[in-house]
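One point on numbering: in numbering that gives the first Met the number 0, the residue at position 83 of the sequence shown is 82, and numbering is uninterrupted. Glycine residues also receive a C-beta, built at the ideal position from the N, C-alpha and C atoms. Quantities reported herein were computed from a predicted structural model and do not represent experimental measurements. Have a look at the structure below before the remarks.
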Amino acid sequence: MTSTNGSVDVVVIGGGIAGASVAHELAAHRRVLLLEAEQALATHSTARSAATYIPGHGTGPVRALVAASLERFAALAEELDAPPLLTPRMVVWAGFDDDGVRGVDALLAERFGEPLAPQRITPEEAERLSPVLRPGAVQAAALTTESADIDAAALHAAFVRGLRRRGGQVRTSARVTAIDRLADGWRVRTGDSHTDVPDVVDAAGAWVDVVAAAAGVTPIGLTPLRRTAAVLSVAEPERLAGVDGGLQPMVTEVEERFYFKTESGGLLASPGDETPSDPVDARPDELDVALALERVAAVTTLGLRSVRTSWAGLRSFVADRRPVVGSRPEDPGFHFVAGQGGSGIETSPALGAFAAAVITGTPVPVDIDVDPAVLSPLRLM
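In structure tokens form, the structure reads like this:
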């Protein structure tokens with residue numbers, strides 16, 4: 000059996016956006032080994048996300064992390080030789096029935112006074128911005144103007160590149176088979192090798208509780224939820240051009256019962272499903288794909304009838320739908336970075352820095368307005 004003892008201080012388990020971002024940040028201070036079970040990094044949720052940056056999206060702590068990530072996207076691109084990571088794309092929050100009208104009112108009331116909060120627009124303005132909408136379908140609307148598409152692949156690659164530049168190691172096809180508690184840390188076993196370290200970071204996405212159980216650590220109660228997406232074929236792709244020189248906005252039913260945005264000459268659409276799942280390699284359900292097509296076709300004039308491709312990913316939450324970052328006193332050195340739900344990519348620049356500070360016991364960066372206690376696993380006890 001081989002070992003890397005003495006050359007590593009921290010093992011990060013999980014090669015998605017959470018693991019890559021925190022590993023990159025930790026590598027500025029510690030010797031880091033990133034382990035990924037699959038043959039390639041970012042195989043599951045990271046590679047299957049709609050990847051949109053939306054200010055004011057999610058629970059309060061998530062909104063703070065989204066806000067703190069904005070300037071960090073540009074800084075990361077410059078520091079790590081990445082292409083521009085954000086492409087501006089507005090978001091129209093639309094209500095298509097009485098429940099939707101009430102939903103728009105509630106959204107505007109909840110976000111009132113927050114920086115970059117959505118603003119009310121008329122249904123006619125929503126239809127002007129998104130000319131594929133069926134006239135009269137929108138009953139109420141709000142607009143987020145500072146949102147953007149995220150180049151998730153480039154972002155993830157930048158974190159990994161930064162990790163390696165700082166001397167960090169990356170190992171794929173390295174499924175963790177056991178984690179043993181030692182007197183002064185943890186022994187992480189992968190096949191015929193093991194690594195003894197004082198700190199382990201469990202950033203294994205939907206598998207976080209599986210990894211915790213392997214270490215004899217109390218799980219955090221993570222629930223993976225399947226989200227389906229599809230690219231719908233559009234017979235007249237020229238109709239998808241933006242009216243003001245940019246991209247057509249993403250249109251999101253305000254209760255997130257469906258959303259769509261232009262994508263490679265088609266429409267990327269989702270029925271907004273959240274189906275509880277075991278941690279698996281998620282596959283789309285045909286009924287959910289059909290539901291996405293039906294809902295989007297009903298509010299547009301594109302004559303949508305066919306699906307070009309479809310997929311599914313797992314978005315994982317704990318009960319309060321806030322991320323989980325930190326450790327418990329009874330498990331010193333075993334740290335969670337988990338439960339980002341649908342905001343893992345848009346929060347990753349700030350969450351990686353936040354988690355690294357929590358793990359190393361250093362002050363949280365001043366631009367990240369989140370109290371570590373709010374995301375601590377201790378709140379789940």
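Identify the residues that DSSP records as bridge partners of A182: which are they?
One-based indexing of the sequence shown puts residue 182 at position 183. Answer is none; A182 lacks a bridge partner.
Closest to R62 by C-alpha separation, out of L290, S347, S48, would be which residue?
Here residue 62 corresponds to residue number 63 of the sequence shown, with the count starting at 1. The shortest C-alpha separation from R62 is found at S347.
In chain order, which continuous runs of the alpha helix (DSSP H) of length 4 or greater are located wholly inside the region 52 to 107?
With a minimum length of 4 residues, the continuous alpha helix (DSSP H) runs that stay inside the region 52 to 107 are 59 to 78.
Go through the region 188 to 245 residue by residue and report every complete run of the beta strand (DSSP E) that reaches 3 residues or more, in order.
192 to 196, 198 to 201, 222 to 231
Which value, in whole angstroms, describes the spacing of the CA atoms of H56 and D191?
Taking the sequence shown and counting its residues from 1, one reaches residue 56 at position 57. Taking the sequence shown and counting its residues from 1, one reaches residue 191 at position 192. Taking the straight line from one Cα to the other gives about 44 Å.
Of the residues V216, A177, P87, which one's Cα is nearest the Cα of I402?
The chain is shown only over 0 to 380; residue 402 falls outside these bounds and no answer can be derived.
Which same chain residues, not among the five before or five after A177, have their C-beta less than 7 Å away from its C-beta?
As a first step, residue 177 must be located in the sequence shown, where it is residue number 178. Hits under 7 Å: R188, A213.
Just verifying my parser: in three-state terms, what is the DSSP assignment at D277?
As a working note, residue 277 is residue 278 in the sequence shown. The answer is coil: DSSP assigns D277 none of H, G, I, E or B.
Would you mind reading off the limits of the beta strand (DSSP E) that contains S309?
As a position in the sequence shown, residue 309 is number 310, starting the count at 1. Run containing S309: 306 to 316, per the beta strand (DSSP E) assignment.
Just tell me which of L33, P60, A26 has its CA closest to the CA of G338.
Taking the sequence shown and counting its residues from 1, one reaches residue 338 at position 339. When only C-alpha atoms are compared, the closest one is P60.
Given S276, which residues of its chain have a CB within under 7 Å of its CB, disregarding the five upstream and five downstream residues?
Taking the sequence shown and counting its residues from 1, the one referred to as residue 276 is at position 277. Closer than 7 Å at Cβ, skipping near neighbours: P223, L224, R225, L313.
Put S382 into one of helix, strand or coil per three-state DSSP.
Examination of residue 382 is not possible in this model, given that the chain is present from 0 through 380 alone.
Hey, V9 and V336: beta-carbon distance below 9 Å or not?
Against the sequence shown, residue 9 aligns to sequence position 10. Against the sequence shown, residue 336 aligns to sequence position 337. Remark: C-beta atoms of V9 and V336 do not approach each other more closely than 9 Å.
Using the rule of at least 16 other Cβ atoms within 10 Å of the residue's Cβ for burial, across every protein chain shown, is P376 buried or exposed?
Here residue 376 refers to the residue found at position 377 of the sequence shown. Buried is the call here.
Taking DSSP's pairing of strands, which residues face S269 in a bridge?
For the purposes of this step, residue 269 is taken as residue 270 along the sequence shown, with counting starting at 1. For S269, which the question treats as bridged, DSSP gives the partners Y258.
Confirm, please, whether the CB-CB distance from Y258 to G271 is below 9 Å.
Along the sequence shown, one-based indexing puts residue 271 at 272. Along the sequence shown, one-based indexing puts residue 258 at 259. A contact, by the Cβ cut-off of 9 Å.
Would a C-beta distance cut-off of 9 Å place V159 and V7 closer than the cut-off?
Residue numbering aside, residue 159 sits at position 160 when the sequence shown is read from its first letter. Residue numbering aside, residue 7 sits at position 8 when the sequence shown is read from its first letter. No. Outside cutoff.
Could you tell me if S263 is buried or exposed, where buried requires 16 or more neighbouring beta carbons within 10 angstroms of its beta carbon?
Taking the first residue of the sequence shown as 1, we reach residue 263 at position 264. S263 comes out exposed.
What would DSSP say about R165, mapped onto helix, strand or coil?
As a position in the sequence shown, residue 165 is number 166, starting the count at 1. Look at R165 here: in three-state DSSP terms it is coil, with no helix or strand label.
Spell out the partners DSSP gives H23 in its beta bridges.
Position 24 of the sequence shown holds residue 23. For H23, no pairing in a beta bridge is given by DSSP.
For my contact list, A93 and E252 are in at a C-beta cut-off of 8 Å; report their separation, rounded to the angstrom.
By one-based count along the sequence shown, residue 93 stands at place 94. By one-based count along the sequence shown, residue 252 stands at place 253. Rounded, the Cβ-Cβ distance is 6 Å, consistent with contact.
Does the Cβ of R282 have 16 or more other Cβ atoms within 10 Å, making it buried, or fewer, making it exposed?
Sequence index remark: in the sequence shown, residue 282 carries index 283 (1-based). Label assigned to R282: exposed.
Provide the residue span of the beta strand (DSSP E) that contains A141, from first to last.
One-based indexing of the sequence shown puts residue 141 at position 142. If you look at A141, you'll find it in the beta strand (DSSP E) that goes 139 to 143.
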